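Numbering (the numbering used here), first residue to last: 579 to 869. A short write-up of the structure that comes next.
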C-alpha cells in the first residue's frame, strides 16, 4: 500500500476523470525476503546474540524496574504479566499509536504517562535488537543485507551495468531501523509513518563517485542530512564502501550458523513429494475412469 501511494504521487494520471492508475510493484514472498525483512527468528546466531543481550545486567535491571508497570498493563489489557514480553508491549504501544494517529478514541487508561512509558520501553527494545551488545554482528545479520544490495547497485551504476535512475524499496519501520543501525545513524526513535531514507549517488566533476544520505521523517519539512560516521557529506564511494564493509555479510546463511541440509535430505524430500504427486495422479485417473 505504501509503495502504491508513493507511485501514485510520482506518476499522477493526466486524466482528471481517473483518480488512480495502478503501477506495477514487484514483491517477494515474506519467507524468501531476506532483504527487506531479515528472518532473524530463523537465524541461529542472531538468536544467540539476543539471548546474550537479554542476560546483560543492564537489561535485567531495566526489566526489573518495569515490573510494576507491566503488572498494571496486565490489568489493562487482560494479558498475564508473563505474557507481556517487550514484543507484546510493542504490540500494545503500536495499536494505541495507530488509534491516536487516526484520531480514534483511546482507552481511558491510555493517559499520557502510560503512552510515554510504552514509548520508552519500545525504544529500549529496539536498542536491544540493533545495539547494546555485539551491534556490528547484529547489523551484519539484519540491515547489512539491504546495505549490501544498495552498495551493489552503486557498483553496477559505476560500471554502467544498471540502467535504472532510481530504485525504491518499500517496507516497514523495522527495515529502516535495521538499515540505520548498520549505518551507525540510528537516532533512538521509532520512524514515523511514511518515513524515508534516501541515498543520492553523484558523479563528481573529476569523474569520481560519491554518496549523500537523507532522512525524511515529516512531510512538512525538508529531509535531514545524514552523515556516515567518519566520512564527509557527500562521502566518496570508496570510503563509504570501506567504512561499511564490516557490517555487510558475505554469506548470511553461513554467518547465521544454521545447520545445513544434507543432499540426502533434499533427495528424500523430493522423492516423497514425487510419490505423493504420483498417488494424486493415480487417484485422479481412477476417479476419471470410474466416471
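Idealized CB from N, CA, C, for every residue including glycine. Since this is a predicted model, take the numbers as computed values, not measurements.
### Query
Taking buried to mean at least 16 other C-beta atoms within 10 Å of its own C-beta, is residue 596 buried or exposed?
Answer is exposed; the Cβ neighbour count stays below 16.
### Query
Using 8 Å as the Cβ pair cut-off and three pairs as the minimum, do the stretch 685-694 and the stretch 723-739 touch?
As far as the Cβ criterion goes, the stretch 685-694 does not touch the stretch 723-739, which means the pair count is below three.
### Query
Residue range of the alpha helix (DSSP H) that residue 736 falls in?
Boundaries of the alpha helix (DSSP H) around residue 736: 721-736.
### Query
When DSSP labels each residue in this structure, what does residue 775 get in the three-state scheme?
The answer is strand: DSSP assigns residue 775 an E or B state.
### Query
Would the C-beta of residue 693 count as close to the ligand MG, meaning under 7 Å from any of its heavy atoms?
With respect to the ligand MG, the structure shown offers nothing to examine, as it has no ligands at all.
### Query
By a C-beta neighbour count over all protein chains shown, 10 Å radius and 16 as the cutoff for buried, is residue 621 buried or exposed?
Under this definition residue 621 is a buried residue.
### Task
Note down the Cα distance separating residue 791 from residue 650, rounded to an integer number of angstroms.
It is roughly 42 Å from the alpha-carbon of residue 791 to the alpha-carbon of residue 650.
### Task
Find out if the Cβ-Cβ distance for the pair residue 749, residue 721 is shorter than 8 Å.
No, these two residues do not count as a Cβ contact at 8 Å.
### Message
Can you check which of these residues, 788, 784 and 822, is closest to residue 810 by C-alpha distance?
### Response
Nearest to residue 810 by C-alpha distance, out of 788, 784 and 822, is 788.
### Query
From the DSSP output, which residues share a beta bridge with residue 790?
Answer is 778.
### Task
Pick helix, strand or coil for residue 804, following the three-state DSSP scheme.
Under the three-state reduction of DSSP, residue 804 is assigned to strand.
### Task
Just list the alpha helix (DSSP H) runs in the stretch 635-678, keeping only unbroken ones of 4 residues or longer that don't cross its boundaries, in chain order.
Inside the stretch 635-678, DSSP marks whole alpha helix (DSSP H) runs of 4 or more residues at positions 635-643 and 645-655, from first to last along the chain.
### Query
Taking the alpha-carbon positions, what's the residue 592 to residue 747 distance?
Rounded to the nearest angstrom, the two C-alpha atoms are 25 Å apart.
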